[in-house]
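A.B. asks:
There are 2 protein chains.
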Amino acid sequence: MSTERLIYLPLGGAGEIGMNAYVYGYGKPGRERLILVDLGVTFPDMDTTPGVNLIMADISWLIERKDQLDAIYITHGHEDHIGAVGHLYADLDTPIYARAFTANLARRKLDDLGLSGDVVETVSPWPEVQEHGPFKVSVAPMSHSIPESGALVIDTPAGRVVHTGDFKLDPNPLVGEPFDPVMWAEIAKDGVQALVCDSTNVFSPKPGRSESELPGEITKMIAGASGMVAATTFASNVARVRTLAEAGQRAGRSVVLLGRAMLRMVEASTETGVLTDFPPVVSVEDAQNMPRDNVMLITTGSQGERRAATAQLARGKYRGIEMKEGDTFLFSSKTIPGNEKEVSRIINQFSERGVEVVDDSSGLYHVSGHANGPDLEQFHTLIKPKIVVPMHGEHRHLRRHAKLAEAKGIASVIAVNGMMLDLGGDAPNVVEYVETGRKYLDGSIKIGAMDGIIRDRIRIALNGLVVITVILDEDDEPLGEPWCDVRGLPEVGESKAALIELMEEDLNQFLMRAGAKTLRDDDKLEENLRRVARQTAMSEIGKKPEVTVIVSRMR
Amino acid sequence: MSTERLIYLPLGGAGEIGMNAYVYGYGKPGRERLILVDLGVTFPDMDTTPGVNLIMADISWLIERKDQLDAIYITHGHEDHIGAVGHLYADLDTPIYARAFTANLARRKLDDLGLSGDVVETVSPWPEVQEHGPFKVSVAPMSHSIPESGALVIDTPAGRVVHTGDFKLDPNPLVGEPFDPVMWAEIAKDGVQALVCDSTNVFSPKPGRSESELPGEITKMIAGASGMVAATTFASNVARVRTLAEAGQRAGRSVVLLGRAMLRMVEASTETGVLTDFPPVVSVEDAQNMPRDNVMLITTGSQGERRAATAQLARGKYRGIEMKEGDTFLFSSKTIPGNEKEVSRIINQFSERGVEVVDDSSGLYHVSGHANGPDLEQFHTLIKPKIVVPMHGEHRHLRRHAKLAEAKGIASVIAVNGMMLDLGGDAPNVVEYVETGRKYLDGSIKIGAMDGIIRDRIRIALNGLVVITVILDEDDEPLGEPWCDVRGLPEVGESKAALIELMEEDLNQFLMRAGAKTLRDDDKLEENLRRVARQTAMSEIGKKPEVTVIVSRMR
Chain A
5 MSTERLIYLP
15 LGGAGEIGMN
25 AYVYGYGKPG
35 RERLILVDLG
45 VTFPDMDTTP
55 GVNLIMADIS
65 WLIERKDQLD
75 AIYITHGHED
85 HIGAVGHLYA
95 DLDTPIYARA
105 FTANLARRKL
115 DDLGLSGDVV
125 ETVSPWPEVQ
135 EHGPFKVSVA
145 PMSHSIPESG
155 ALVIDTPAGR
165 VVHTGDFKLD
175 PNPLVGEPFD
185 PVMWAEIAKD
195 GVQALVCDST
205 NVFSPKPGRS
215 ESELPGEITK
225 MIAGASGMVA
235 ATTFASNVAR
245 VRTLAEAGQR
255 AGRSVVLLGR
265 AMLRMVEAST
275 ETGVLTDFPP
285 VVSVEDAQNM
295 PRDNVMLITT
305 GSQGERRAAT
315 AQLARGKYRG
325 IEMKEGDTFL
335 FSSKTIPGNE
345 KEVSRIINQF
355 SERGVEVVDD
365 SSGLYHVSGH
375 ANGPDLEQFH
385 TLIKPKIVVP
395 MHGEHRHLRR
405 HAKLAEAKGI
415 ASVIAVNGMM
425 LDLGGDAPNV
435 VEYVETGRKY
445 LDGSIKIGAM
455 DGIIRDRIRI
465 ALNGLVVITV
475 ILDEDDEPLG
485 EPWCDVRGLP
495 EVGESKAALI
505 ELMEEDLNQF
515 LMRAGAKTLR
525 DDDKLEENLR
535 RVARQTAMSE
545 IGKKPEVTVI
555 VSRMR
Chain B
5 MSTERLIYLP
15 LGGAGEIGMN
25 AYVYGYGKPG
35 RERLILVDLG
45 VTFPDMDTTP
55 GVNLIMADIS
65 WLIERKDQLD
75 AIYITHGHED
85 HIGAVGHLYA
95 DLDTPIYARA
105 FTANLARRKL
115 DDLGLSGDVV
125 ETVSPWPEVQ
135 EHGPFKVSVA
145 PMSHSIPESG
155 ALVIDTPAGR
165 VVHTGDFKLD
175 PNPLVGEPFD
185 PVMWAEIAKD
195 GVQALVCDST
205 NVFSPKPGRS
215 ESELPGEITK
225 MIAGASGMVA
235 ATTFASNVAR
245 VRTLAEAGQR
255 AGRSVVLLGR
265 AMLRMVEAST
275 ETGVLTDFPP
285 VVSVEDAQNM
295 PRDNVMLITT
305 GSQGERRAAT
315 AQLARGKYRG
325 IEMKEGDTFL
335 FSSKTIPGNE
345 KEVSRIINQF
355 SERGVEVVDD
365 SSGLYHVSGH
375 ANGPDLEQFH
385 TLIKPKIVVP
395 MHGEHRHLRR
405 HAKLAEAKGI
415 ASVIAVNGMM
425 LDLGGDAPNV
435 VEYVETGRKY
445 LDGSIKIGAM
455 DGIIRDRIRI
465 ALNGLVVITV
475 ILDEDDEPLG
485 EPWCDVRGLP
495 EVGESKAALI
505 ELMEEDLNQF
515 LMRAGAKTLR
525 DDDKLEENLR
535 RVARQTAMSE
545 IGKKPEVTVI
555 VSRMR
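This is the structure we're talking about:
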């Protein structure tokens, strides 16, 4: 009965923006041959993931089926698409395919973790094709805010699937291939079964703008600036970095690249031939001896990252360089939602130093890398797919994108992480719900989002902690009095006496009155001591802290 | 030698947006008579103030001089101006003056904390004047996004000061007085020594828009919606709440107010006669039995506050009401920077329920309550002050505002919290730096921002915690082995053995080898145990946790 089917299963990236990981499969149900598209990360925040280093999709489903997995494709080098390659490769142990620049970055990710980059194969773009079991896969160039972004053209016995990756319709992205409507018409001409499509900017109502609109304005701005000039952007936006460097050069300034990612991206793009004409740069040491008017810094940290070059310059001297009254700092970037406070802090720190900050609010110094609402409609029309599956968006983005498609008579669906679709019919069909989730890289260990470890940290951060120590002798009688230690709580409460002493008193009272049954029973004892301490805290400081009880028995 | 002087001292609100608290003084240096303008709060966040309830200015300077303090004026009822009245009143014990609506809210703040509202005196607006020592103070109506916002006209022997409070130039704010250029020309005509002025929207390049632009669009939107309609806005924007209610009424819907603040604000504005014509409302119980098409909810929680009505509706049923596919939810509000993630979460939750969300991105359903850049210039021109002191802004706002003034030949200065100015001369003169800071309301206790309590919570949230317990006998020899308890850390590390056991083993090894000198010395012992545990954790889980060491001695 079980005929072969074409499945799509997002494990990350659908219903969120970040940690992209999409599975395609073809074959009999449960025995499909699989390919994985992208293996990205999401960044933690203090609200939900304090202390976490990186967030990745929980790909347990795929790991259990890794013998069915024939290939991993990485569409482009942004962290939300490539960032987990190093951390999850060992669990999948399957060759990685990408275009040269992306492959170069993937190998660096593996190198960083002491793994061999040999598992990464560089592929040539469309029309070159790789065969993996029932799949023929080709990487079709797409314009985006990083070089060599690629859409995947996946041919299967059930028809052609186009997986866009991240894209915009840029006729002149300055670095890398422009959006090519002729190529896409060619790809679409025999029919596309399903278009799995970037939804990031679906709410932007105007057509997107080209990277090529910026150099004129940026050049003018920098030519008009006195003192030292610095600019930040996403290091991976190599075209922008070059635009900034060229603008500096034209203004008679020597260009300095500050920050590891900036150096790494320029290096990777030069190594792979993506970038052939980057202006000469000088070292930060040389820049220190130059007149301020002759220096242009290009820095990492456009999102306010605390350790990046931008934040360090805002706080004070960084590698011998200090920005001062009359200098100019340009954010050639937008602030990603959630980073507003960090970026504001930096702008205010620059303001305190008298540095003029220019941001993207004028619209002159930044353009987005994603297709806007009208661009998506244009692409739908060009590809004429039977089905549109919105991806790379929060639920609201997927919903709006599905509506756009349906308004044009194209079948669509809101498929979030874990929803397995059969894409073989006239309309997408949900065939299974797969358990998905998140894994956190915490220090060097991967922990599950539901393990309770992070919840415990958050609780202590909100409520503070009391540690109660009680020692019982061989007869289960208290040996001395209980004592308390607190973390993250005020020392003195309403009654102006030390909180610790009041808690110790109340705990001691309790122990004196406690029956043998309670004293013998660790659980009961702990529960009661916790309750007493929390009551005292509540009446003294208006908070119920977390409590750790340590019962030592001298047996 | 010491002649009398006119001083201005921001204790909060200058160099930040929030917790406004400005002191004016007149008299001989150090012996000035003082008045305080506003006593607001700032809201905590997980990044910097986990677990904190409210943030207030540290007004120790003023408390030490409370015998010099003659009056507290509250310009309007927004939390960043009035929110700390209840919490700090007892420390100042000085009469509070405000217009009727604001006074009503101030009394409620005091009542909430069991204090008497009798200390709040209702004042009539300009030209009525109150005398406080050397000051004559009048409250001049200003249009803002809350009824009865007032600027202060403060006459002193050194000239007239205008303290704007929050304002916009709205010719038709719908509720409360419009901006009155004739009154302001009258106030300005004999010369204004200093204009202390709202800076919030200095970066907005276009003239501000009137509240009266909204009812048409909001009415049209709600008339066109099917299913249940809900809308949220700031409860204190009574004009907006009425606009929403009237739009619902015109669309044949019964209006339900959801959320304590919403009820409280409508109540306060009705009690004080600010609002005389609010449409009839129905109870949430009655609404449950009405057809969905006939119901309009107006809810608190436009900023995504987790416990407010909006967030609860987004999560599921709230007081018997549930929003569904085909319903519409309107954010008639902007998202305050820092709240983007919370608001996004809610929009996505509504999206999952099939609820259509309309936000302010079209510009049709919200206008700001603050004067934009061109409005500020217009007001400077109207008032023609000798000095402009920007307030109510982050450093970058103050800086831009000072530049605006200076560009027109008006003396200005960037005065942040703690900078005491002498405003009596032709230009502002910094005469002293006063120590300022923040106090946190944490549970029921006020703690200092620098007390280390919150820093401790943040450290545990980032790094996790290990509690080490060691018992030593009468001879300072270990009694049994040390043991560990962890909070917020993975159970198992690199070596796949239990982290706790590995730490206990390493700690025991250390204790076995430790000399008598170390074992006798609590500090040394703790320091060493901490180091050992952190080393083990680092090699096992790649993190150095916080450590609490508890040494019990059987002496």
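Residue numbers (the numbering used here), protein chains in the order written: chain A, 5 to 559; chain B, 5 to 559.
Positions of the beta carbon are idealized from the N, C-alpha and C atoms, including for glycine.
In whole angstroms, give me the CA-to-CA distance for B/Val-555 and B/Ile-475.
C.D. replies: By 1-based counting over the second sequence, the position of residue 555 of chain B is 551. By 1-based counting over the second sequence, the position of residue 475 of chain B is 471. One C-alpha to the other measures close to 6 Å.
A.B. asks: Helix, strand or coil for A/Val-438 per DSSP?
C.D. replies: Here residue 438 of chain A refers to the residue found at position 434 when the first sequence is read from its first residue. Correct three-state label for A/Val-438: coil.
A.B. asks: B/His-399 versus chain A: which residues are under 7 Å apart at the beta carbon?
C.D. replies: Counting from one through the second sequence, the residue named residue 399 of chain B turns up at place 395. Within chain A, the residues near B/His-399 are Asn-352, Ser-355 and Glu-356.
A.B. asks: For B/Glu-289, count the other beta carbons within 10 Å of its own beta carbon; 16 or more makes it buried, fewer makes it exposed. Which is it?
C.D. replies: Locating residue 289 of chain B in the second sequence gives position 285, where the first residue counts as 1. Result: exposed.
A.B. asks: Could you spell out where the alpha helix (DSSP H) holding B/Gly-311 opens and where it closes?
C.D. replies: Numbered from 1 along the second sequence, position 307 holds the residue referred to as residue 311 of chain B. The residue you asked about is not Gly; residue 311 of chain B is Arg in the sequence shown. Where B/Arg-311 is concerned, there is no enclosing alpha helix (DSSP H), given that its DSSP letter is neither H nor E.
A.B. asks: Considering just the uninterrupted stretch of the alpha helix (DSSP H) at A/Gly-252, what are its terminal residues?
C.D. replies: Taking the first sequence and counting its residues from 1, the one referred to as residue 252 of chain A is at position 248. Run containing A/Gly-252: 242-254, per the alpha helix (DSSP H) assignment.
A.B. asks: Chain A partners of B/Met-50, CB-CB under 9 Å?
C.D. replies: As a first step, residue 50 of chain B is located in the second sequence; it is residue number 46 there, counting from the start. Asp-49, Met-50, Asp-51, Thr-52, Pro-54, Ile-462, Ala-465 and Leu-466, listed in chain order.
A.B. asks: When you compare the stretch 449-467 of chain A with the stretch 28-42 of chain A, are there three or more beta-carbon pairs, one atom per stretch, that lie closer than 8 Å?
C.D. replies: No, they do not touch.
A.B. asks: Please report the distance separating the alpha-carbon of B/Ser-64 from that of B/Thr-440.
C.D. replies: Counting from 1 along the second sequence, the entry for residue 64 of chain B is found at position 60. Counting from 1 along the second sequence, the entry for residue 440 of chain B is found at position 436. Looking at the two C-alpha atoms, the distance is approximately 8 Å.
A.B. asks: Kindly indicate if chain A contains any beta-carbon less than 8 Å away from that of B/Val-471.
C.D. replies: Looking up residue 471 of chain B in the second sequence gives position 467. Yes, its Cβ sits closer than 8 Å to a Cβ of chain A.
A.B. asks: Residues of chain A with CB under 8 Å from B/Glu-498, in chain order?
C.D. replies: In the second sequence, the residue the question calls residue 498 of chain B occupies position 494. Going along chain A in sequence order, the residues near B/Glu-498 (Cβ under 8 Å) are Ser-448 and Ile-449.
A.B. asks: In angstroms with no decimal places, state the Cα-to-Cα distance between A/Pro-151 and A/Asp-170.
C.D. replies: By one-based count along the first sequence, residue 151 of chain A stands at place 147. By one-based count along the first sequence, residue 170 of chain A stands at place 166. Straight-line Cα distance between these residues: approximately 11 Å.
A.B. asks: Tell me, please, whether the stretch 459-469 of chain A touches the stretch 455-465 of chain B by the rule of three or more beta-carbon pairs shorter than 8 Å.
C.D. replies: Contact between the stretch 459-469 of chain A and the stretch 455-465 of chain B is present, because at least three Cβ pairs lie under 8 Å.
A.B. asks: Who pairs with B/Val-471 in a beta bridge, going by DSSP?
C.D. replies: Locating residue 471 of chain B in the second sequence gives position 467, where the first residue counts as 1. B/Asp-489 and B/Thr-552.
A.B. asks: For B/Leu-43, would you say it is in contact with chain A, using Cβ-to-Cβ distances shorter than 8 Å as the test?
C.D. replies: Along the second sequence, read from residue 1 onward, the residue named residue 43 of chain B stands at position 39. Chain A contact via Cβ: absent.
A.B. asks: Quick one: list the residues of chain A neighbouring B/Val-361, beta-carbon separation under 8 Å, in chain order.
C.D. replies: Here residue 361 of chain B refers to the residue found at position 357 of the second sequence. Going along chain A in sequence order, the residues near B/Val-361 (Cβ under 8 Å) are Arg-400.
A.B. asks: Taking DSSP's pairing of strands, which residues face B/Met-146 in a bridge?
C.D. replies: Along the second sequence, one-based indexing puts residue 146 of chain B at 142. B/Ser-153.
A.B. asks: Indicate the three-state DSSP secondary structure (helix, strand or coil) for B/Ala-569 in the structure shown.
C.D. replies: The shown model of chain B, from 5 to 559, leaves out residue 569 of chain B, and the question about it has no answer.
A.B. asks: Taking only beta carbons into account, state which residues of the stretch 332-345 of chain A come closer than 7 Å to chain B, listed in chain order.
C.D. replies: Per Cβ criterion, the list reads Pro-341, Gly-342, Glu-344 and Lys-345.
A.B. asks: Under 8 Å, do B/Ala-537 and B/Leu-515 count as touching if we go by C-beta distance?
C.D. replies: Start at 1 with the first residue of the second sequence, and residue 537 of chain B comes out as number 533. Start at 1 with the first residue of the second sequence, and residue 515 of chain B comes out as number 511. No, Cβ-Cβ distance for B/Ala-537 and B/Leu-515 is not below 8 Å.
A.B. asks: Since A/Thr-126 is in the beta strand (DSSP E), which residue starts that stretch and which ends it?
C.D. replies: Within the first sequence, residue 126 of chain A is the residue found at index 122, counting from 1. Segment 124-126, the beta strand (DSSP E) holding A/Thr-126.
A.B. asks: Could you name the residues of chain A that B/Arg-491 contacts, counting a contact when the two beta carbons are closer than 8 Å?
C.D. replies: Sequence index remark: in the second sequence, residue 491 of chain B carries index 487 (1-based). Correct list: Asp-460, Arg-461, Ile-464, Leu-469, Glu-550 and Thr-552.
A.B. asks: Could you give the DSSP three-state label for B/Gly-17: helix, strand or coil?
C.D. replies: For the purposes of this step, residue 17 of chain B is taken as residue 13 along the second sequence, with counting starting at 1. If DSSP states are grouped into helix, strand and coil, B/Gly-17 belongs with coil.
A.B. asks: May I ask you to list the residues that DSSP assigns as paired with A/Pro-129?
C.D. replies: Reading the first sequence from its first residue, position 125 is the one you call residue 129 of chain A. Answer is A/Val-143, bridged to A/Pro-129.
A.B. asks: Nearest by alpha-carbon distance to B/Gln-353: which of B/Leu-368, B/Tyr-369, B/Gly-342 and B/Phe-333 is it?
C.D. replies: Within the second sequence, the letter at position 349 stands for residue 353 of chain B. With distances taken between Cα atoms, B/Gln-353 lies closest to B/Phe-333.
A.B. asks: So, B/Leu-380 versus B/Val-206, is the Cβ gap smaller than 8 Å?
C.D. replies: Stepping through the second sequence from its first residue, residue 380 of chain B is reached at position 376. Stepping through the second sequence from its first residue, residue 206 of chain B is reached at position 202. Yes; because the gap between Cβ atoms is below 8 Å, this pair is in contact.
A.B. asks: Whole-angstrom Cβ separation of B/Ile-78 and B/Ile-86, contact assumed at under 8 Å?
C.D. replies: Taking the second sequence and counting its residues from 1, the one referred to as residue 78 of chain B is at position 74. Taking the second sequence and counting its residues from 1, the one referred to as residue 86 of chain B is at position 82. Indeed they touch by this definition, with Cβ atoms about 5 Å apart.
A.B. asks: Can you name, in chain order, every residue of its own chain whose Cβ lies under 8 Å from the Cβ of A/Val-56, other than the five neighbours on each side?
C.D. replies: By one-based count along the first sequence, residue 56 of chain A stands at place 52. Correct list, in chain order: Pro-48, Tyr-444, Leu-445, Asp-446 and Ile-458.
A.B. asks: What residue range does the beta strand (DSSP E) around B/Leu-425 cover?
C.D. replies: Counting from 1 along the second sequence, the entry for residue 425 of chain B is found at position 421. Residues 423-426.
A.B. asks: Taking a cut of 8 Å between CB atoms, which residues from the stretch 312-323 of chain B lie near chain A?
C.D. replies: Taking 8 Å as the Cβ-Cβ cut-off against chain A, none of the residues of the stretch 312-323 of chain B qualify.
A.B. asks: So, using beta-carbon positions, are A/Val-166 and A/Pro-389 closer together than 8 Å?
C.D. replies: Within the first sequence, numbered from 1, the residue matching residue 166 of chain A stands at position 162. Within the first sequence, numbered from 1, the residue matching residue 389 of chain A stands at position 385. Their beta carbons are under 8 Å apart, which means A/Val-166 touches A/Pro-389 by this criterion.
A.B. asks: Cβ atoms of B/Leu-469 and B/Gly-491: under 8 Å apart, would you say?
C.D. replies: By one-based count along the second sequence, residue 491 of chain B stands at place 487. By one-based count along the second sequence, residue 469 of chain B stands at place 465. A quick correction: the sequence has Arg, not Gly, at residue 491 of chain B. Cβ atoms of B/Arg-491 and B/Leu-469: closer than 8 Å.
A.B. asks: Cβ of A/Leu-10 within 8 Å of Cβ of A/Thr-204?
C.D. replies: To locate residue 10 of chain A, count along the first sequence from 1; it is residue 6. To locate residue 204 of chain A, count along the first sequence from 1; it is residue 200. The answer is no: Cβ separation not under 8 Å.
A.B. asks: Whose C-alpha, out of B/Lys-548, B/Lys-193, B/Phe-383 and B/Val-299, is nearest the C-alpha of B/Gly-212?
C.D. replies: Working through the second sequence from its first residue, we reach residue 212 of chain B at position 208. Nearest C-alpha to B/Gly-212: B/Phe-383.
A.B. asks: Using a C-beta to C-beta distance shorter than 9 Å, which residues of chain B count as neighbours of A/Lys-547?
C.D. replies: To locate residue 547 of chain A, count along the first sequence from 1; it is residue 543. Those are Gly-55, Asp-446, Gly-447, Ser-448 and Ile-449, listed as they occur along chain B.
A.B. asks: For B/Thr-98 versus B/Lys-70, is the C-beta distance shorter than 8 Å?
C.D. replies: Counted from its first residue, the second sequence places residue 98 of chain B at position 94. Counted from its first residue, the second sequence places residue 70 of chain B at position 66. Closer than 8 Å, so yes.
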